[in-house]
Every structure is written in structure tokens, then in C-alpha cells.
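Here's the structure, in C-alpha cells; my notes come after.
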Amino acid sequence: MFGMGTTSTLHHSEDCIDVQVTEVKGPVSADICNIKLVNDVPRPKINKWMGPSITMSLPSFSGQTEYNPNLLKYSCRIACRVRAVRPAEVTGPSSPLKNDKDGGSETTDFTAEDLVDNARNFSISVMLSKPVLALEFSCLEMQVEAPIILSNSSTSSLRDA
Numbered sequence: 001m002f003g004m005g006t007t008s009t010l011h012h013s014e015d016c017i018d019v020q021v022t023e024v025k026g027p028v029s030a031d032i033c034n035i036k037l038v039n040d041v042p043r044p045k046i047n048k049w050m051g052p053s054i055t056m057s058l059p060s061f062s063g064q065t066e067y068n069p070n071l072l073k074y075s076c077r078i079a080c081r082v083r084a085v086r087p088a089e090v091t092g093p094s095s096p097l098k099n100d101k102d103g104g105s106e107t108t109d110f111t112a113e114d115l116v117d118n119a120r121n122f123s124i125s126v127m128l129s130k131p132v133l134a135l136e137f138s139c140l141e142m143q144v145e146a147p148i149i150l151s152n153s154s155t156s157s158l159r160d161a
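Counting from 1, position 151 in the sequence shown corresponds to residue 151 in UniProt numbering; the numbering is continuous, with no gaps.
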């Protein structure tokens, strides 16, 4: 489980919020990263340009589970304003990330714990990588249509499994 929050020891103002991300496993917790959200771009005033208006149509699927064996397709239309903003500053945990136990990269014998650690380290590496672009979406309007059944439970391959 991951926890996110601000604390009194971290900087918090109208222009800057520091968020600490912590992984909690039972009684043990580990800091994952800190995210500094800086608002150095002034918010647009009323009747001022707020970025271009965009519209996106996104398909979404659900179902084919034991609770709903049908495959459902939803159609989602999103309209909003978008503008470039300064990316968040992400800093790593205070302790170094755990590497492979033997230090070699040639081994292919991984335990389940090693795979979980590698996936966790990869996720943290992605968070710490340099951002290419940060966007702010505002004036968001979303319209979701009723689902359409694409396949019924009698043709579902998951039901046979």
C-alpha cells in the first residue's frame, strides 16, 4: 500500500506543496520519493486565455470477470482546456534502491521477492526520470455513454479457464 501526504516538516505554501510518498507493508514503512509541486505559472484570470480547448474520445473496456462475464465497451468523451506547466520535482528515497543480491546482471534465477523488488525499483526509476512534458487540464467535462456488450458469457474464453 502506498501513502501520500504532506507533513508539517515539509514546505507547504500557496505556490509550492511537498508530498512525501511512502510504501507501507504491515508495521514497516519505507520512503519512496518526495514530489515537489511548484505553481510558478500564474493561474489565468477570468476572461483570459486558458490554453487550447481539446476534445478526446477514449474507449474503455470492463468485464470478463467472475462477477460480470460479459465484455463491455464504454465510450467516453472528454472536453477540456490544456496548457503546459512546470514539471513536478521528484527526489528519491533517503536510502539507495536495493539492487540484485549478487550484483550481477547476468543471472536469470529470480525469486518472487526479487521480481517484486525489481518492479518496485523500476517504478521508482520511472518516477525519478526527467519529465518530457507536464500538462495541466482544466475546465474538464466528461460524458460516458451506456456500455455496449461486445461478447456474451457463452463465448468468453475466461469462463472456460
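Ideal Cβ placement from N, Cα and C applies to all residues, glycine included.
Q: At 3 residues or longer, and completely inside the segment 53 to 83: list those beta strand (DSSP E) runs for me, N to C.
A: Fully contained in the segment 53 to 83 are the following beta strand (DSSP E) runs of length 3 or more, in chain order: 53 to 63.
Q: Give a yes or no on whether the C-beta atoms belonging to P69 and A134 are separated by under 9 Å.
A: Cβ atoms of P69 and A134: not closer than 9 Å.
Q) Can you list, in chain order, the residues of its chain whose CB lies under 7 Å from that of K36, leaving out five sequence neighbours each side? A) In the same chain as K36, and ignoring 5 residues on each side of it, the C-beta atoms closer than 7 Å to its own belong to C16, D18, A88 and E89, in chain order.
Q: Let me know the secondary structure DSSP gives A146 once reduced to three states.
A: In the structure shown, A146 adopts coil according to DSSP, grouped into three states.
(Q) Just list the residues that DSSP pairs residue 167 with in beta bridges. (A) For residue 167 there is no data in the structure shown, the boundaries of the chain being 1 and 161.
Q. Does DSSP put S125 in a helix, in a strand, or in coil?
A. S125 falls in the helix class under three-state DSSP.
Q) Would the beta-carbon of M142 fall within 9 Å of that of R81? A) At a Cβ-Cβ threshold of 9 Å, M142 and R81 do not count as neighbours.
Q) Quick one: is I149 buried, meaning 16 or more other Cβ sit within 10 Å of its Cβ, or exposed? A) Counting Cβ neighbours within 10 Å, I149 comes out exposed, since fewer than 16 surround it.
Q: Return the residue from the list S62, G63, P52 and L71 that minimises the CA-CA distance to A79.
A: Here the closest residue by C-alpha is P52.
**Q.** Residue nearest to C33 in terms of C-alpha spacing, selected from D117, N152, N121 and E66
**A.** With distances taken between Cα atoms, C33 lies closest to N121.
Q: Output yes or no for whether 9 Å exceeds the beta carbon distance between P147 and L72.
A: When the beta-carbon positions are compared, P147 and L72 come within less than 9 Å of each other.
**Q.** Contact check, K50 vs S138, beta carbons under 9 Å
**A.** Lys is not the amino acid found at residue 50; the sequence shown has Met there. Yes; because the gap between Cβ atoms is below 9 Å, this pair is in contact.
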